[in-house]
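Here is the structure we will look at.
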Amino acid sequence: MNGKQLKNSILQWAIQGKLVPQDPNDEPASVLLERIRAEKARLVKEKKIKKDKNESIIYRGDDNSYYEKFLATGEVKCIDEEIPFEIPKGWEWSKLSNVIELLSGQDFIPEKYNSSNQGIPYITGASNIVNGNLVINRWTETPTVIGKLGDLLIVCKGSGVGKMCICNVDKIHIARQIQIIRNFSNAISLSYVKSVVEANLQTIISNAQGVIPGISREHILNLLIPLPPTNEQYEIDKKLQEILPVIDRYAKSQETLDKLNVELLGNLKKSILQEAVQGRLVQQIAEEGTGEELLEQIKLEKQQLIKEGKLKKSTLTDSVIFRGDDNKYYEQVGKKCLDITEQIPFETPKNWVWTRLSHIANIYTGNSISETEKKSKFTDVIGRYYIGTKDVDFNNRIIYDNGIAIPKQYEPDFRLAPNNSILMCIEGGSAGRKIAILNQDVCFGNKLCCFSPFVGIGKYMYYYLQSPSFFELFNLNKTGIIGGVSIAKVKEILIPLPPIKEQQRIVAQIEKLFEQLR
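FYI, the numbering used here numbers position 398 of the sequence shown as 908, with every residue one higher than the one before it.
Here it is in structure tokens:
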């Protein structure tokens, strides 16, 4: 159970009467509700509040069912299905509207507020509530909706919806994103009301409508509150003040531990991949051949693909990387022989070979589509899936059914990434970090790079492209403000190549270890 779940459980115990013992000598909540009704009637008579047309009484009938009676009309309805749990003797169910006053805020134009401490604080939204306390950075000299010391404030609109705090200053003006919950007397603890609202907050928010998350007046006013006697409300508050700080500390510790676990998991995976690509994850077996022999197989496959017109002849102009008698690494490119020792990041087993990514895979980027074209030609149509950067997530998954597809008549205008090839983002903040293997042929965007490996070496390449060694080489080649790597630079990145059977054993061991880390 995490900190949030534990807190929710404690709040549920509190509002169900399970957190503190009941005192049979306490004045029952039914008497408290009668006093509040009398107080409201007095305030209506004095024209200090408006008459509540929906004021009601909730009671339990002789048939053991719960009923709500509306005082203005006398209408009675059964509300058994609305009652979520049983409450202790001496408690009562009530609509929150029967025991509080709710005030909605008013926005001001900039001319009506200031940042120079003139007037009273102007509270505009969630940014003014931090850790249950008010943060004041605006003031107004023309307040209209005034909150006072002890009022309960709740953010009712925007990203911080549901944030609450008890007002700890004498007077404030609230904007539209804030609502004030005010009691009619201290016989109703607003701290207890806060606990009830907090316990129901996710349900309230999930029932909210509209694009922007929000809590309407009706959501708050119609909320059912299990009401204890006054003394017990304050005993519950006292107990929560003891417990919740401990839970908050537990939650922070849990978050830290979770973060460490995620980091540890990530670091373990990186270590496994690094061991794998350095030839230290599985033993070498002489009978499995060499990386050089694999390169020869790849060359034969390329020749066949060129013959079939599926590859350009230029793809055969591969270089050869070898280790000289002087223990240095050289790259033979045509008649030129270059010393590339400084480019080699680590030693590999004797039966491995260093090569360039372009020598063992067909590598290319996709096609961009303008927003106009996307909407007019490629949205909600039947065709081959089109994958953009946003459709490849950070967990190596691809969202295929994204609403964009390329109809058959337009396919010749697009590059195809074949089934079992690898897509990687090579531009922007996600460059090098978004990568996945395809399970079908797709069209794809120009910020994605397709690696279509030869001779069935895709899985090994896929894991190499996620290794710390590759990521370091990739980052060294980043250019521009956006931070991308050109396709030409990607093709030139070095890869340590084991024999094909060893690759298969490496992949199997990686996946076995990753499964154990889950």
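No residue lacks a Cβ here, since even glycine has one placed at the ideal position from N, Cα and C.
All of these numbers come straight from a predicted model, not from anything done at the bench.
Distance check for residue j and residue i, CA to CA, integer angstroms please.
| i | j | result |
| --- | --- | --- |
| P963 | M971 | 8 Å |
| Q1016 | V706 | First, the residue type needs correcting, since residue 1016 is Ile and not Gln in the sequence shown. Cα-Cα distance, rounded: 56 Å. |
| S669 | R648 | 20 Å |
| V655 | L543 | 27 Å |
| A786 | K820 | 32 Å |
| L1023 | L778 | 10 Å |
| D835 | I850 | 14 Å |
| I619 | G660 | 27 Å |
| V665 | Y623 | 20 Å |
| V541 | D533 | 15 Å |
| G629 | G615 | 17 Å |
| L958 | E818 | 26 Å |
| K667 | I725 | 6 Å |
| E798 | K860 | 12 Å |
| I782 | N912 | 33 Å |
| R686 | S637 | 14 Å |
| C847 | E841 | 6 Å |
| K999 | L867 | 10 Å |
| A927 | V772 | 32 Å |
| I909 | V995 | 24 Å |
| R790 | G776 | 19 Å |
| V965 | V640 | 58 Å |
| E728 | N710 | 14 Å |
| S575 | Q526 | 18 Å |
| D590 | P736 | 14 Å |
| C675 | D572 | 40 Å |
Looking at the structure shown, is residue i part of a helix, part of a strand, or coil, going by DSSP?
| i | result |
| --- | --- |
| T889 | strand |
| V645 | coil |
| Y910 | coil |
| K820 | coil |
| P653 | coil |
| L770 | helix |
| T989 | strand |
| V554 | helix |
| R1015 | helix |
| Y744 | helix |
| L926 | strand |
| S540 | helix |
| L529 | coil |
| S962 | strand |
| S931 | coil |
| D901 | helix |
| V586 | strand |
Please list the terminal residues of the continuous alpha helix (DSSP H) segment that includes residue i.
| i | result |
| --- | --- |
| Q689 | Not the alpha helix (DSSP H): Q689 falls in the beta strand (DSSP E), residues I688 to N693. |
| T875 | T875 -> not in any alpha helix (DSSP H); beta strand (DSSP E) instead, spanning A871 to T875. |
| M971 | G968 to Y974 |
| W523 | G513 to I525 |
| L731 | R727 to L731 |
Tell me where the beta strand (DSSP E) around residue i begins and ends.
| i | result |
| --- | --- |
| I682 | K681 to I684 |
| Y577 | Y576 to F580 |
| P1006 | L1004 to L1007 |
| S614 | I610 to S614 |
| S977 | Premise fails: S977 is in no beta strand (DSSP E) and is neither H nor E. |
| K602 | Looking at the sequence provided, one finds Glu at residue 602 rather than Lys. E602 -> beta strand (DSSP E) spans E602 to K605. |
| T865 | V863 to R866 |
| E841 | Y839 to V843 |
| K704 | Looking at the DSSP string, K704 is not in any beta strand (DSSP E); the run it does join, the alpha helix (DSSP H), is L700 to A709. |
| C666 | Where C666 is concerned, there is no enclosing beta strand (DSSP E), given that its DSSP letter is neither H nor E. |
Can you give me the Cβ contacts of residue i inside the same chain, cut-off strictly under 7 Å, excluding the 5 residues immediately before and after it?
| i | result |
| --- | --- |
| D747 | S699, S701 and Y702 |
| S566 | E578, K579, F580, L581, K605 and N608 |
| K563 | A582 |
| T634 | R648, A685 and Q687 |
| T650 | F618, K622, Y623, G629, I630, Y632 and H683 |
| R894 | A915, I916, E921, D951, V952 and C953 |
| V843 | S829 |
| A524 | S705, I746 and L750 |
Please return the same chain residues whose Cβ sits closer than 8 Å to the Cβ of residue i, not counting the five positions on each side in sequence.
| i | result |
| --- | --- |
| I520 | L529, L750, I753, L754 and I757 |
| W864 | I831, Y839, I854, T858, L1004, I1005, P1006 and L1007 |
| I559 | K550, L553 and E611 |
| E802 | V863 |
| K988 | A941, G994 and V995 |
To which residues of the same chain is residue i closer than 6 Å at the C-beta, ignoring the five residues directly before and after it?
| i | result |
| --- | --- |
| N512 | Q764 |
| K969 | V1017 |
| E1002 | R866 |
Is there contact between the segment 721-736 and the segment 596-612, where contact requires at least three CB pairs shorter than 8 Å? yes
Would you call the segment 609-627 and the segment 576-596 touching, i.e. three or more CB-CB distances under 8 Å? no
Decide if the segment 910-930 is in contact with the segment 946-958; the criterion is three or more beta carbon pairs, one per stretch, under 8 Å apart. yes
Pair every Cβ in the segment 688-698 with every Cβ in the segment 544-554, then say whether three or more of these pairs are closer than 8 Å. yes
Any 3 or more C-beta pairs closer than 8 Å across the segment 882-893 and the segment 916-935: yes
Between the segment 736-743 and the segment 928-939, are three or more C-beta pairs nearer than 8 Å? no
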